[in-house]
Structures are given as structure tokens and as C-alpha cells.
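The structure appears right after this line, and notes come after that.
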């Protein structure tokens with residue numbers, strides 16, 4: 005897998021409007037789902053009760069929390085782009101247009117796709133806006149789509 009390694013935000017501007025990369029596949033295990041449920045206090049049965057989910061859920065299995073799927077975009081991004089060789093402080097500034105078009109079942113393989121939407125100067129900092137999509141292997145619709153704003157400080 006190729007990581008886009010850039011030194012400055014100015015270099016990143018050359019990629020506005022372009023797909024910058026796709027991460028490796030990651031398997032969403034029940035252990036990961038259960039740990040997320042504990043960390044967030046969201047223990048709804050559709051996430052943690054395998055037997056009940058098999059019997060009663062329209063998905064036939066437990067599913068990952070939407071916020072778990074969303075949270076993995078930062079992991080996927082590290083596999084796709086690096087800016088400033090560690091000299092820039094990278095801050096999650098916010099999200100726009102977050103949607104969960106398709107459930108992510110236990111055992112699913114997912115990966116992140118990233119397109120650079122814009123780069124904005126903010127004084128001592130800069131912001132990059134990425135369009136993110138979390139693909140579920142074998143599914144037509146993604147598990148999550150979002151516009152992610154990342155702030156880089158010198």
C-alpha cells in the first residue's frame with residue numbers, strides 16, 4: 005500500500021479534488037464491538053448479544069455501532085496520508101454530513117477511501133477537508149460517509 009507522504013500543507017493543495025488513497029482492509033470483530041460498547045456505555049443488544057441479534061435483528065448478526073465505524077477513519081487515514089513528518093500537530097477539528105448508509109456486521113471487512121476536498125489557511129494552522137467513505141467488502145453501500153476537517157498546527 006502506498007502512503008502519500010508530504011512535508012507541507014502547500015504540497016497537499018495539489019491534491020484538491022483528487023482521491024488520495026484507500027486503506028488496508030480491517031475486520032470488525034465482536035471483541036472490538038464489545039469493547040466499544042463498554043467504552044461508550046452503549047450496550048444495546050444489537051451490538052453485544054449475538055444470539056438475540058441472530059434471532060431478532062434484520063441483519064442476522066450483531067452490528068458495529070455507527071460511531072465505531074466513524075471512529076476508525078483516523079486509523080484508516082494514517083495508512084493513506086502523512087503530512088509534515090511528525091512536525092505538525094494534527095487535530096480532529098470536526099465532521100460534516102455524517103451518514104451510516106449500511107450496517108457493518110460482525111466479521112465484516114472494511115476500509116477507508118479518502119478524497120481531498122479543500123485546504124484552508126488559518127493563521128498558524130491550516131485545515132484540510134477530506135471526503136471519507138468506509139467501504140464494506142461485498143456491499144453496495146458504504147458503512148459510513150463523512151466530511152472530515154483536520155487541523156494542522158505548526
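Residue numbers (the numbering used here): 5 to 158.
Ideal Cβ positions, reconstructed from N, Cα and C, are used throughout, including at glycine.
Distance between beta carbons of residue 26 and residue 115, contact taken as under 8 Å: Yes, residue 115 and residue 26 are in contact; Cβ-Cβ is about 6 Å, under 8 Å.
Beta bridge counterpart(s) of residue 130 as assigned by DSSP: Paired residues: 125 and 156.
Let's see if you can read the secondary structure: which residues bound the alpha helix (DSSP H) around residue 25? Segment 23 to 26 is the beta strand (DSSP E) holding residue 25; no alpha helix (DSSP H) there.
Measure the C-alpha to C-alpha separation of residue 74 and residue 144 and round it to an integer number of angstroms. Just so you know, the alpha carbons of residue 74 and residue 144 end up roughly 18 Å apart.
Euclidean distance between Cα positions of residue 119 and residue 63: For residue 119 and residue 63, the distance between alpha carbons rounds to 30 Å.
Establish whether the CB of residue 105 and some CB of chain C are separated by less than 8 Å. Absence of chain C from the displayed structure is noted, only one protein chain being present.
Per DSSP, what kind of secondary structure is residue 8 in: helix, strand or coil? Note: residue 8 maps to strand in three-state DSSP.
Do the stretch 65 to 72 and the stretch 125 to 134 make contact, defined as three or more Cβ pairs closer than 8 Å? Contact between the stretch 65 to 72 and the stretch 125 to 134 is absent, because fewer than three Cβ pairs lie under 8 Å.
Per DSSP, which one or two residues make a beta bridge with residue 87? Assignment of beta-bridge partners to residue 87 by DSSP yields 10.
Straight-line Cα distance separating residue 94 from residue 85: Spanning the alpha carbons of residue 85 and residue 94 requires a straight line of approximately 12 Å.
Among the residues of its own chain, which have a CB less than 6 Å from the CB of residue 155, if the five just before and after it don't count? Within the same chain, residue 155 has close Cβ partners 95, 97, 129 and 131.
Does the separation of the CB atoms of residue 113 and residue 141 fall below 8 Å? The answer is yes: Cβ separation under 8 Å.
Using only the alpha-carbon positions, how far apart do residue 163 and residue 67 sit? Outside the displayed span of the chain (5 to 158) sits residue 163, for which this structure offers no information.
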